[in-house]
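Peer 1: Here you go, one structure.
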Amino acid sequence: MAVPLQLLVFVSGLTSIWCEGPKFEHATLIGHLDSRLYDASGVAASRKHHGVLYTHNDGDNKQPFVYAINASNAAIISALRLFPAENHDWEDIAVGPCGKSSCIYIGDSQSHKIYRVEEPEFVYSDQILTDVAAVQIEWSHGFDTVMVDQHGDVYIVQSHTSHHRQVGRLPHDQWNSTHVVHLHTIHLPDLHLPDNSPTSGDISPDGTQIVLLSLHKVHYWIVSHGDNVLDTLQHHPIASLPTRPVGATEGICWDTNGRNYYEVAERSSSSSPASVHIYNRV
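Counting with mature numbering (1 follows the signal peptide of the UniProt record, and there is no 0), you get residues -19 to -1, 1 to 263 for the letters of the sequence shown.
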């Protein structure tokens, strides 16, 4: 069943009006994840390989692996080891541009590092991805959300502890820095979250749509022409998108067209493995 969304539109010189926004179907189960992904945390759509998603375990599983999975049935395609890299607490993953290529970005909340590695040309076999870049960021909070815009700038969102969470931006030209990088930050408006903590987020490949996942809710923004991500996130979201009415949903991403979105949920019990769902736009 499709879920209608209502968008608040501001017209210059006029009062605000409500109009019907995009509609999404309820969650469709794609499949359950292999037992190797029992602590799945984060999901991102490949820009090089059609029908491929990337995901990983969080800090409860310290192995520095990204898993390529089939976007049609959630089956593992390959295990990609990042070297050199350490998984102290990998919380989220994104895919975005890096120069003329496409890269996988991973945020380690404990070590305050952002990793970046180019997507492999061939993804259908286990392999070690070398030439991994890492940036040490100046950040005094935890973060569970990593997003990358169409320019290759990276955004992280503060988790827990504060009603006014910070959003930090790492410019795309800072990857050669040998020093700790200070992030330009803004504050999100109070989203009135039950647990006050976004667990994941994503920016559509064209940079026009932003989603932040929290408990029982997906917050949705449109980036207006002439605005940027930080400008947009200083305003309240214009809509809430459907999500599953259960906890433990740890990752969200747009598909490669920015039309539909995926969610990944970690294992909730030994009899309930991690799963992947899709929300199709009507």
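By construction, the Cβ of each residue, glycine as well, lies at the ideal position given by its N, Cα and C atoms. Quick caveat, the model's predicted, so the values are computed rather than measured.
1. Could you give the residue range of the alpha helix (DSSP H) that holds Asp212?
2. In angstroms with no decimal places, state the Cα-to-Cα distance between Asp212 and His7.
3. Measuring straight from C-alpha to C-alpha, what distance separates Cys79 and Asp154?
4. Restricting to Cα atoms, I'd like to know which of Gly188, Pro218, Arg225 is closest to Thr237.
5. Excluding sequence positions up to five away, which residues of its chain have a Cβ less than 8 Å from the Cβ of Ser185?
6. For Gln155, which of helix, strand or coil comes out of DSSP?
7. Out of Trp202, Gln108, Thr224, His132, state which residue places its alpha-carbon closest to the alpha-carbon of His217.
8. Quick check on Val263: does DSSP put it in helix, strand or coil?
9. What are the residues that DSSP puts in a beta bridge with residue 270?
10. If I'm right that Tyr96 touches Leu63 with Cβ under 8 Å, what's the distance once you round it to whole angstroms?
11. I need the straight-line Cα distance from Ile219 to His200, nearest angstrom please.
12. Return the chain-ordered list of same chain residues with a C-beta closer than 6 Å to the C-beta of Val162, the five sequence neighbours on each side being excluded.
13. Please report the Cβ distance between Lys29 and Glu100, rounded to the nearest whole angstrom; I am assuming they are in contact, meaning their Cβ atoms lie under 8 Å.
14. Please state whether the Cβ-Cβ distance between Val127 and Tyr86 is less than 7 Å.
15. Consult DSSP for Arg62 and reduce its assignment to one of helix, strand or coil.
16. For Thr111 and Asn241, what's the separation of their Cα atoms in angstroms?
17. Got a sec? Which residues, its chain only, sit under 6 Å from Ser92 by beta carbon, not counting five neighbours each side?
18. Using C-beta distances below 8 Å, list every residue in its chain close to His168, excluding the 5 sequence neighbours before and after it, in chain order.
19. Only counting the same chain, and skipping five residues up and downstream in sequence, which positions put a Cβ closer than 8 Å to that of Pro226?
20. Do Phe46 and Ser90 have their C-beta atoms within less than 7 Å of each other?
21. Buried or exposed for Leu10, going by 16 or more other Cβ atoms inside 10 Å?
22. Please classify Ser82: does DSSP put it in a helix, a strand, or coil?
23. By the three-class DSSP mapping on this structure, what secondary structure does residue 266 have?
24. From the DSSP output, in three-state form, read off Leu18 for me.
25. Should Val245 go down as buried or exposed, given a rule of 16 or more other Cβ atoms within 10 Å for buried?
26. On a Cα-Cα basis, can you pick out the residue from Leu14, Leu18, His31 that is closest to Glu102?
27. Where does Trp71 sit, in a helix, a strand or coil, going by DSSP?
28. Using the beta-carbon count (16 or more within 10 Å), is Ile137 buried or exposed?
29. From the DSSP output, read off the bridge partner residues of Lys198.
30. Less than 7 Å between the beta carbons of residue 285 and Ser59, yes or no?
Peer 2: Reading it off the structure:
1. Position 231 of the sequence shown, counting from 1, holds the residue named residue 212. Run containing Asp212: 210 to 214, per the alpha helix (DSSP H) assignment.
2. Position 231 of the sequence shown, counted from the start, is the residue given in the question as residue 212. Position 26 of the sequence shown, counted from the start, is the residue given in the question as residue 7. When rounded, the distance between both Cα atoms is 30 Å.
3. Here residue 79 refers to the residue found at position 98 when the sequence shown is read from its first residue. Here residue 154 refers to the residue found at position 173 when the sequence shown is read from its first residue. When rounded, the distance between both Cα atoms is 10 Å.
4. Translated into positions along the sequence shown, residue 237 becomes position 256. Relative to the Cα of Thr237, the nearest Cα in the group Gly188, Pro218, Arg225 belongs to Gly188.
5. One-based indexing of the sequence shown puts residue 185 at position 204. Contacts found: Ile191, Trp235, Gly239.
6. Along the sequence shown, read from residue 1 onward, the residue named residue 155 stands at position 174. In the structure shown, Gln155 sits in a helix (DSSP, three-state: H, G or I).
7. The count along the sequence shown starts at 1 and reaches residue 217 at position 236. Of Trp202, Gln108, Thr224, His132, the residue nearest in Cα terms is Trp202.
8. To locate residue 263, count along the sequence shown from 1; it is residue 282. Coil at Val263, not helix or strand.
9. Absent from the structure is residue 270, since the part of the chain shown begins at -19 and ends at 263.
10. Position 115 of the sequence shown holds residue 96. Position 82 of the sequence shown holds residue 63. Confirmed, Cβ separation roughly 6 Å.
11. Locating residue 219 in the sequence shown gives position 238, where the first residue counts as 1. Locating residue 200 in the sequence shown gives position 219, where the first residue counts as 1. Taking the straight line joining both Cα atoms gives about 8 Å.
12. Indexing the sequence shown from 1 puts residue 162 at position 181. In the same chain as Val162, and ignoring 5 residues on each side of it, the C-beta atoms closer than 6 Å to its own belong to Val116, Ile118, Gln155, in chain order.
13. Here residue 29 refers to the residue found at position 48 of the sequence shown. Here residue 100 refers to the residue found at position 119 of the sequence shown. So it is a contact: roughly 5 Å between Cβ atoms.
14. If you number the sequence shown from 1, residue 127 lands on position 146. If you number the sequence shown from 1, residue 86 lands on position 105. Contact: yes.
15. Here residue 62 refers to the residue found at position 81 of the sequence shown. Strand.
16. In the sequence shown, the residue the question calls residue 111 occupies position 130. In the sequence shown, the residue the question calls residue 241 occupies position 260. Each residue's alpha carbon lies about 31 Å from the other.
17. Taking the sequence shown and counting its residues from 1, the one referred to as residue 92 is at position 111. Contacts found: His69.
18. Here residue 168 refers to the residue found at position 187 when the sequence shown is read from its first residue. Within the same chain, His168 has close Cβ partners His145, Arg146, Gln147, Val148, Gln215.
19. Translated into positions along the sequence shown, residue 226 becomes position 245. Closer than 8 Å at the Cβ level, and outside the excluded window around Pro226, lie His197.
20. What you label residue 46 is simply residue 65 of the sequence shown in a count that begins at 1. What you label residue 90 is simply residue 109 of the sequence shown in a count that begins at 1. No.
21. As a first step, residue 10 is located in the sequence shown; it is residue number 29 there, counting from the start. So Leu10 counts as exposed.
22. On the sequence shown, position 101 is the one that residue 82 refers to. Strand, per DSSP.
23. Because the chain here runs from -19 to 263, residue 266 falls outside it and cannot be looked at.
24. Position 37 of the sequence shown, counted from the start, is the residue given in the question as residue 18. Here Leu18 sits in helix by DSSP.
25. Indexing the sequence shown from 1 puts residue 245 at position 264. Buried, since its Cβ has 16 or more Cβ neighbours within 10 Å.
26. Looking up residue 102 in the sequence shown gives position 121. Considering only alpha carbons, the answer is His31.
27. Against the sequence shown, residue 71 aligns to sequence position 90. The answer is strand: DSSP assigns Trp71 an E or B state.
28. Taking the first residue of the sequence shown as position 1, residue 137 is located at position 156. Ile137 is buried by the Cβ-count criterion.
29. Here the question's residue 198 lines up with position 217 in the sequence shown. Lys198 pairs with Ser195.
30. The first residue shown for the chain is -19 and the last is 263, placing residue 285 beyond what the model contains.
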